[in-house]
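2 protein chains.
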Amino acid sequence: MDLVTIRELFKNSAEYLDKKVTVGGWIRSIRDSKTFGFIVVNDGSYFEPLQIVYHDNMENFGEISKQNVGAAIIVTGTLVATPQAKQPFEIQADEVTVEGASAPDYPLQKKRHSFEYLRTISHLRPRTNTFQAVFRVRSLIAYAIHQFFQERGFVYVHTPLITGSDCEGAGEMFRVTTLDMDNVPKNPDGTVDYSQDFFGKETNLTVSGQLNGETFAQAFRSIYTFGPTFRAENSNTTRHAAEFWMIEPEIAFADLNDNMDLAEDMLKYVISYVLENAPEEMNFFNSFVDKGLLDRLQNVVNSDFARVTYTEAVELLEKNNDKFEYKVTWGTDLQTEHERYLTEEIYKRPVFVTDYPKEIKAFYMKMNEDGKTVAAVDCLVPGIGEIIGGSQREDDYDKLLERMKEMNLKEEDYKFYLDLRRYGSTRHAGFGLGFERCVMYLTGMSNIRDVVPFPRTVNNCDL
Amino acid sequence: MDLVTIRELFKNSAEYLDKKVTVGGWIRSIRDSKTFGFIVVNDGSYFEPLQIVYHDNMENFGEISKQNVGAAIIVTGTLVATPQAKQPFEIQADEVTVEGASAPDYPLQKKRHSFEYLRTISHLRPRTNTFQAVFRVRSLIAYAIHQFFQERGFVYVHTPLITGSDCEGAGEMFRVTTLDMDNVPKNPDGTVDYSQDFFGKETNLTVSGQLNGETFAQAFRSIYTFGPTFRAENSNTTRHAAEFWMIEPEIAFADLNDNMDLAEDMLKYVISYVLENAPEEMNFFNSFVDKGLLDRLQNVVNSDFARVTYTEAVELLEKNNDKFEYKVTWGTDLQTEHERYLTEEIYKRPVFVTDYPKEIKAFYMKMNEDGKTVAAVDCLVPGIGEIIGGSQREDDYDKLLERMKEMNLKEEDYKFYLDLRRYGSTRHAGFGLGFERCVMYLTGMSNIRDVVPFPRTVNNCDL
Numbered sequence: 022m023d024l025v026t027i028r029e030l031f032k033n034s035a036e037y038l039d040k041k042v043t044v045g046g047w048i049r050s051i052r053d054s055k056t057f058g059f060i061v062v063n064d065g066s067y068f069e070p071l072q073i074v075y076h077d078n079m080e081n082f083g084e085i086s087k088q089n090v091g092a093a094i095i096v097t098g099t100l101v102a103t104p105q106a107k108q109p110f111e112i113q114a115d116e117v118t119v120e121g122a123s124a125p126d127y128p129l130q131k132k133r134h135s136f137e138y139l140r141t142i143s144h145l146r147p148r149t150n151t152f153q154a155v156f157r158v159r160s161l162i163a164y165a166i167h168q169f170f171q172e173r174g175f176v177y178v179h180t181p182l183i184t185g186s187d188c189e190g191a192g193e194m195f196r197v198t199t200l201d202m203d204n205v206p207k208n209p210d211g212t213v214d215y216s217q218d219f220f221g222k223e224t225n226l227t228v229s230g231q232l233n234g235e236t237f238a239q240a241f242r243s244i245y246t247f248g249p250t251f252r253a254e255n256s257n258t259t260r261h262a263a264e265f266w267m268i269e270p271e272i273a274f275a276d277l278n279d280n281m282d283l284a285e286d287m288l289k290y291v292i293s294y295v296l297e298n299a300p301e302e303m304n305f306f307n308s309f310v311d312k313g314l315l316d317r318l319q320n321v322v323n324s325d326f327a328r329v330t331y332t333e334a335v336e337l338l339e340k341n342n343d344k345f346e347y348k349v350t351w352g353t354d355l356q357t358e359h360e361r362y363l364t365e366e367i368y369k370r371p372v373f374v375t376d377y378p379k380e381i382k383a384f385y386m387k388m389n390e391d392g393k394t395v396a397a398v399d400c401l402v403p404g405i406g407e408i409i410g411g412s413q414r415e416d417d418y419d420k421l422l423e424r425m426k427e428m429n430l431k432e433e434d435y436k437f438y439l440d441l442r443r444y445g446s447t448r449h450a451g452f453g454l455g456f457e458r459c460v461m462y463l464t465g466m467s468n469i470r471d472v473v474p475f476p477r478t479v480n481n482c483d484l
Numbered sequence: 022m023d024l025v026t027i028r029e030l031f032k033n034s035a036e037y038l039d040k041k042v043t044v045g046g047w048i049r050s051i052r053d054s055k056t057f058g059f060i061v062v063n064d065g066s067y068f069e070p071l072q073i074v075y076h077d078n079m080e081n082f083g084e085i086s087k088q089n090v091g092a093a094i095i096v097t098g099t100l101v102a103t104p105q106a107k108q109p110f111e112i113q114a115d116e117v118t119v120e121g122a123s124a125p126d127y128p129l130q131k132k133r134h135s136f137e138y139l140r141t142i143s144h145l146r147p148r149t150n151t152f153q154a155v156f157r158v159r160s161l162i163a164y165a166i167h168q169f170f171q172e173r174g175f176v177y178v179h180t181p182l183i184t185g186s187d188c189e190g191a192g193e194m195f196r197v198t199t200l201d202m203d204n205v206p207k208n209p210d211g212t213v214d215y216s217q218d219f220f221g222k223e224t225n226l227t228v229s230g231q232l233n234g235e236t237f238a239q240a241f242r243s244i245y246t247f248g249p250t251f252r253a254e255n256s257n258t259t260r261h262a263a264e265f266w267m268i269e270p271e272i273a274f275a276d277l278n279d280n281m282d283l284a285e286d287m288l289k290y291v292i293s294y295v296l297e298n299a300p301e302e303m304n305f306f307n308s309f310v311d312k313g314l315l316d317r318l319q320n321v322v323n324s325d326f327a328r329v330t331y332t333e334a335v336e337l338l339e340k341n342n343d344k345f346e347y348k349v350t351w352g353t354d355l356q357t358e359h360e361r362y363l364t365e366e367i368y369k370r371p372v373f374v375t376d377y378p379k380e381i382k383a384f385y386m387k388m389n390e391d392g393k394t395v396a397a398v399d400c401l402v403p404g405i406g407e408i409i410g411g412s413q414r415e416d417d418y419d420k421l422l423e424r425m426k427e428m429n430l431k432e433e434d435y436k437f438y439l440d441l442r443r444y445g446s447t448r449h450a451g452f453g454l455g456f457e458r459c460v461m462y463l464t465g466m467s468n469i470r471d472v473v474p475f476p477r478t479v480n481n482c483d484l
């Protein structure tokens, strides 16, 4: 169909003013007097809607006037400037045809609906202002991330979703199976006979693509993943979902400083991209969802991120222990209250905290020379706390094997990973960015359920 | 680390000639005489390797000379033009340091390895020429697809992976569960008690994001998905994987012609992007994997795709029934031999086949006025057959409900989908592109296992 988008009309209005145009969209509001009426229509291409004026010289004036909010219409008319009005122009319609009516019980009426209610109609909520803004910005953030890495020559790697390995503890993983649940096949000793399962062994949904990603970084030097990850955690919070997307870059011939440079550049790039490409949506969030959002994001783009070791950070925080519910001592993990105090009160800008005690970090992180800390890094940002976690990886075969033994990991499960340290090992590093947390950070939305199109949480798998 | 990539040296060599540079990479081959040696090194940033010349004036000349293929080194030296040689330049090294040695049993020696063997070392095969080319091109195709849709204002939607619905038959789906497989909880009547499962009900891995995608198209007008999909089909072929990625655009205010225009534009865009951005890799495929590949792809870019109805296509094919193993008759689905005959012999270019008998297509496809066919479309390309399948969707509530009843689908499972036809329904259409099939098509690789980083097939879930 030969329709012009409302985005195109707003972006290149000079080209269309006083000309005939045809648009299609959904009615946001409609009111009429006896001889004419106004329709506000949105076509999903642009945050701002378009006003249509129609008159009783149309044959179907009556039919139009009785349309409900949500109806789909196609309008042909002249785009006319409206210098006296709030909106810059409107369409004086010659013809309005009803593409699809909207039943009287349409749940989205002009009043404001609560986010809780809108979660119960996830198939319709993208038609509201807030979710138009959220999901367009989500899409733009995803694209900005791809663009950032591709411009720098990174190779996008699709690490697998179904995995036979069990890197961070099977308790938190979803089982994937084609076995008959009504009648699970058993071995003579009573255990489940996974040899009959689709892959001939136990399989789960991945919790991270990092280890697979490392194999590609040792071939392509700079790679990134961007795909779904899963956690079967029984935690019903505003920040956890069972299914979420993650970005995991991995860089060879690179150390922890290179890793921080990359993370800082990426965050600034993505924020700048969204501010430039979704100004209407970002203004909406700043006005109606999170006042102060734009200032905070601008501040991130314009500041050099601070860098501090965990040990130094603990010293700084200990002086303020009277302010915290959980007291800080060296050796314990930082809580969100500590992270936010560091970034919001002490540094007033994003801060990288590095070199954490080995006991609170993963086996693959590079041991520092002190023998007590590892080359880990968390990036903390005002308003949210930790947004990125990463590390330089242990590239020494013997040290890695020693750490694996300390943590009771089976050598045979990680043969491929150890191989990377036997054949042309390089210093290398990487980090993980939870995509939903990034979307929450850039939009100011406070519940992860409201930044995922169809959220999956405990006891919730609708649509 | 302050290293220059080999890509940068090749793309902007004038800037670096006769200057000091430092590169890091992995040894592809090494040979030495008593006083000097040659190393061919690749850093994963560029398909072509770089030659290093080193001399015995270096302290560690002996250590360097005994390095094995696969070792990681860092080289500082002068980039020097080599007008007499095959390669345009080389590095005259001042310093070569070994970043990580390569053990004597390194599996990738200079000889050619079979794809079958390389599948057994999926963590190392990206270091070979073929898989460097495959996985870089895979990354570029993915990016080209995002770029194509984003430039046109499409919203990227992450449809869910874990799903409670069962759109195309549970027999082909993977179950997702946190129930204890050793001791599956049962209801009093002996059935599985899914209320104790993570989501409180039966859940599976998705086979398509289309229905969810449609809900967003009715809000944003033009959307696309790009994510993993799963089939638990027990088919051990060169074209099927249990886990693969799919692109599913969906456009509102659009009919089957708009859908074909979009698919044709997308394929041409993606091919052009890859030819422009990976000429070295594409020449390699054309020389060593699939002679004729470049001609075939150029032909696709330059031709207008043909458009023919299923009924017309059957008439054309019936005249050639003596050439086919399976004879063509109206009402049966086209086999690959028929599809390839149409596109390779009859049209000699890509062809859209439209308006298939309703009996062989899905319930959501729009019924044509003849009452016998639906507004489906398959895109067939030379060398492969079907690469895209799509349709205009049934947008009429009553007709959709009737089709669902004919096919014994439960109305309550599709309430959200029917709602789209009650609240501002629009004519709309979409298609699915199997990403791996697209990568195979553009690279000439003939086994899906060789275009997926870590393939998942029956009895195969390594790493």
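Just so you know, the protein sequences line up as chains A and B, in that order. Remember, the working numbering sits 21 above the position in the first sequence when you count from 1. Remember, the working numbering sits 21 above the position in the second sequence when you count from 1. Using N, Cα and C, we set each Cβ at its ideal position, and we do this for glycine too.
Hey, could you find the ends of the alpha helix (DSSP H) residue i is sitting in?
{"i": "Met-267(A)", "result": "Met-267(A) -> not in any alpha helix (DSSP H); beta strand (DSSP E) instead, spanning 264-273."}
{"i": "Leu-24(B)", "result": "Segment: none, Leu-24(B) is in no alpha helix (DSSP H) and carries neither H nor E."}
{"i": "Gln-171(A)", "result": "150-172"}
{"i": "Cys-459(B)", "result": "456-464"}
{"i": "Asn-81(B)", "result": "Here Asn-81(B) belongs to no alpha helix (DSSP H), and DSSP marks it neither H nor E."}
{"i": "Ala-35(A)", "result": "34-37"}
Please report the straight-line C-alpha distance between residue i and residue j, rounded to a whole angstrom.
{"i": "Pro-206(A)", "j": "Ser-216(A)", "result": "9 Å"}
{"i": "Gly-406(B)", "j": "Arg-458(B)", "result": "10 Å"}
{"i": "Pro-476(B)", "j": "Glu-254(B)", "result": "14 Å"}
{"i": "Glu-36(A)", "j": "Thr-103(A)", "result": "16 Å"}
{"i": "Pro-147(B)", "j": "Glu-432(A)", "result": "23 Å"}
{"i": "Leu-182(A)", "j": "Thr-250(A)", "result": "7 Å"}
{"i": "Gly-465(B)", "j": "Leu-314(B)", "result": "7 Å"}
{"i": "Ala-299(B)", "j": "Ile-27(B)", "result": "15 Å"}
{"i": "Val-402(B)", "j": "Ala-327(A)", "result": "54 Å"}
{"i": "Lys-87(A)", "j": "Glu-29(A)", "result": "29 Å"}
Determine, using beta carbons only, whether residue i and residue j come nearer to each other than 7 Å.
{"i": "Gly-234(B)", "j": "Thr-246(B)", "result": "yes"}
{"i": "Asp-376(A)", "j": "Thr-330(A)", "result": "yes"}
{"i": "Val-155(B)", "j": "Val-472(B)", "result": "yes"}
{"i": "Ile-367(A)", "j": "Val-322(A)", "result": "no"}
{"i": "Gly-45(B)", "j": "Leu-24(B)", "result": "yes"}
{"i": "Thr-394(A)", "j": "Pro-378(A)", "result": "yes"}
{"i": "Phe-73(B)", "j": "Ile-48(B)", "result": "Phe is not the amino acid found at residue 73(B); the sequence shown has Ile there. No, they are not a contact pair."}
{"i": "Gly-451(B)", "j": "Pro-270(B)", "result": "yes"}
{"i": "Val-90(B)", "j": "Ala-114(B)", "result": "no"}
{"i": "Glu-302(A)", "j": "Phe-68(A)", "result": "yes"}
{"i": "Arg-157(B)", "j": "Val-176(A)", "result": "yes"}
{"i": "Phe-31(A)", "j": "Leu-484(B)", "result": "no"}
Within its chain, find whatever has a CB closer than 6 Å to the CB of residue i; leave out the 5 residues flanking it on each side and keep chain order.
{"i": "Val-335(A)", "result": "Val-349 and Trp-351"}
{"i": "Glu-189(A)", "result": "Because Glu-189(A) carries a pLDDT of 49, less than 50, the predicted location of this residue cannot be relied on, and no value is offered for it."}
Which of the three DSSP states, helix, strand or coil, is assigned to residue i?
{"i": "Asp-434(B)", "result": "helix"}
{"i": "Lys-426(B)", "result": "helix"}
{"i": "Arg-196(B)", "result": "strand"}
{"i": "Leu-283(A)", "result": "helix"}
{"i": "Ala-191(B)", "result": "Bear in mind that the predicted position of Ala-191(B) carries a pLDDT of just 46, short of 50, making it unreliable; the figure below should be weighed with that in mind. Three-state result, Ala-191(B): helix."}
{"i": "Pro-147(B)", "result": "helix"}
{"i": "Phe-373(B)", "result": "strand"}
{"i": "Val-228(A)", "result": "coil"}
Residues in its own chain within less than 7 Å of residue i by CB, not counting five upstream and five downstream?
{"i": "Ala-191(B)", "result": "Unreliable placement is indicated for Ala-191(B), whose pLDDT of 46 sits below 50; no coordinate value is reported for it."}
Can you tell me where the beta strand (DSSP E) holding residue i begins and where it ends?
{"i": "Gly-248(A)", "result": "243-251"}
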